[in-house]
Amino acid sequence: MLAREMLAQPKSLADTLNGQRGAVTEFAKYLQKHGTTLVDVVAIGSSRNAANIGRFAMPSGISLNVQEPPDYIPTSKVVVFVSQSGASSDAVPVFDRLKSMKRQRPLIVTLTNTLDSPFAAGADIVLPTYAMKEEAIAATGTMISAAATFMHLGVELAIAKDSIMSMPGLAIAKDGIMSMELMGGLPASVGNYFGSLGRSTLGEVVESLKDVVLIAFLGERIFRGVADECALKVQETAEVIT
42 MLAREMLAQP
52 KSLADTLNGQ
62 RGAVTEFAKY
72 LQKHGTTLVD
82 VVAIGSSRNA
92 ANIGRFAMPS
102 GISLNVQEPP
112 DYIPTSKVVV
122 FVSQSGASSD
132 AVPVFDRLKS
142 MKRQRPLIVT
152 LTNTLDSPFA
162 AGADIVLPTY
172 AMKEEAIAAT
182 GTMISAAATF
192 MHLGVELAIA
202 KDSIMSMPGL
212 AIAKDGIMSM
222 ELMGGLPASV
232 GNYFGSLGRS
242 TLGEVVESLK
252 DVVLIAFLGE
262 RIFRGVADEC
272 ALKVQETAEV
282 IT
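For the sequence shown, our numbering puts the final residue at 283, and the numbers step up evenly by one.
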C-alpha cells in the first residue's frame, strides 16, 4: 500500500503545482507588495519537516520562522499554518487565538490537503495541495506536496522580486520562464527516480537493515528536514529507533 502511494507521487505533485498556481502567485505578490521579510510558520511533525525544507527554498530577503504550536511566539504579521488535515488539534488554539484578534491581526495562510477543513475555511489565503488520500502512513505524500509548495512559493517570490535564487541543484532564472519549467519538471523527476529504484535494489537495502535497531539520519540545511522526515517515517513503519 505504501509503495503504491509512493508511486502516485508524480501525479500528486503535478496536480498540486497546477492546482495551486493562482493561490501561490497571489501570496507571493502580497509578500512582495507589503515588503515582508519574515513569515511565521506553525507546523508539527511531517508538516514541520516540510516547512524546514521550505526555509531553504526562499530567495534572499525572505525568511521562514518555523515553530511548533505549543511554543508559538508571534514574530510576523503573516502566519502560515501547515496541516495535512487542516484541523491539527495542537494548532487549533493558536489558530483560533490569531483569528479572533481585533487589532493587528496577522494575515492567516493555510497550507493544507483538506480544503473543507476549519483551517482552510478560516484562512485569508489557502495554499492547497492535491495529494491522494493516504491509507498507509499518514502525511507521506502530503509532506512531499507541502515541501514542493514552499519551493513553488520560493520560485514565485524570486519572479516577483526579479531576482536570482540559488539552492542545491536548482538555479532560478530572472524571467521566471525557466523557473516554472523547472518546477513543472519536478513530477517527472520524482517519477524517474522512483522508476530507477528496482525492487531488487530496495530488497537489498531492506535485507541489509533487517537486524538494525538504531539508525542515524544526518543532514544539514535543506537536507535537515529530509533527514528528520526519513527518521520519522522509519519510526512509524519499522519501529526502529532513529
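For each residue, glycine too, the CB sits at the ideal point set by N, CA and C.
Counting only the same chain and skipping the five closest in sequence on each side, list residues whose C-beta sits under 6 Å from that of G76. none
Give the straight-line distance between the Cα atoms of A55 and F97, rounded to the nearest whole angstrom. 21 Å
So which of K118, G102, V82 and E67 has the shortest CA-CA distance to S124? V82
With DSSP as the reference, identify every bridge partner of P169, one or two as the case may be. T153
Is D323 helix, strand or coil by DSSP? As shown, the chain starts at 42 and ends at 283. That puts residue 323 outside it, with no answer to give.
Suppose the cutoff is 7 Å on Cβ atoms and the five residues either side in sequence are ignored; what does the same chain contact list for F258 look like? A268, C271, A272 and T283
Measure the Cβ-Cβ separation of A164 and V150 and say whether it is below 8 Å. yes
When the distance is taken between beta carbons, is G95 closer than 8 Å to L79? no
Got a sec? Which residues, its chain only, sit under 6 Å from G127 by beta carbon, not counting five neighbours each side? T153, T155, S158, F160 and A161
Segment limits, alpha helix (DSSP H) that includes L255: Note, L255: premise wrong, no alpha helix (DSSP H); not H, not E.
Taking Q73 as the reference, which of K202, V253 and L243 has the closest Cα? K202
Between A49, E197 and S129, which lies nearest to A69 when the distance is taken from Cα to Cα? E197
Rounded to the nearest angstrom, how far is the Cβ of P110 from that of A132, given a contact under 8 Å? 4 Å
With H, G and I counted as helix, E and B as strand and the rest as coil, what does DSSP make of Q125? coil
Quick check on this structure: which residue in P147, D137 and S101 has the alpha carbon closest to the alpha carbon of S117? P147
Who are Q108's beta bridge partners in DSSP? V83
Taking Cβ to Cβ, would you say A49 is nearer than 8 Å to G182? yes
Do you know how far the Cα of I185 is from the Cα of S53? 9 Å
Give the DSSP bridge partners of V148, in chain order. Correcting the residue type first, residue 148 is Leu in the shown sequence and not Val. In DSSP, L148 forms a bridge with V119.
Straight-line gap, E67 to V119 (C-alpha atoms, nearest Å): 14 Å
Measure the alpha-carbon distance for A279 versus G266 and round it to whole angstroms. 20 Å
From this set, E261, G232 and G195, which residue's C-alpha is nearest G102's C-alpha? G195
Measure the alpha-carbon distance for E277 versus G244 and round it to whole angstroms. 19 Å
Helix, strand or coil: how does DSSP classify T181 here? coil
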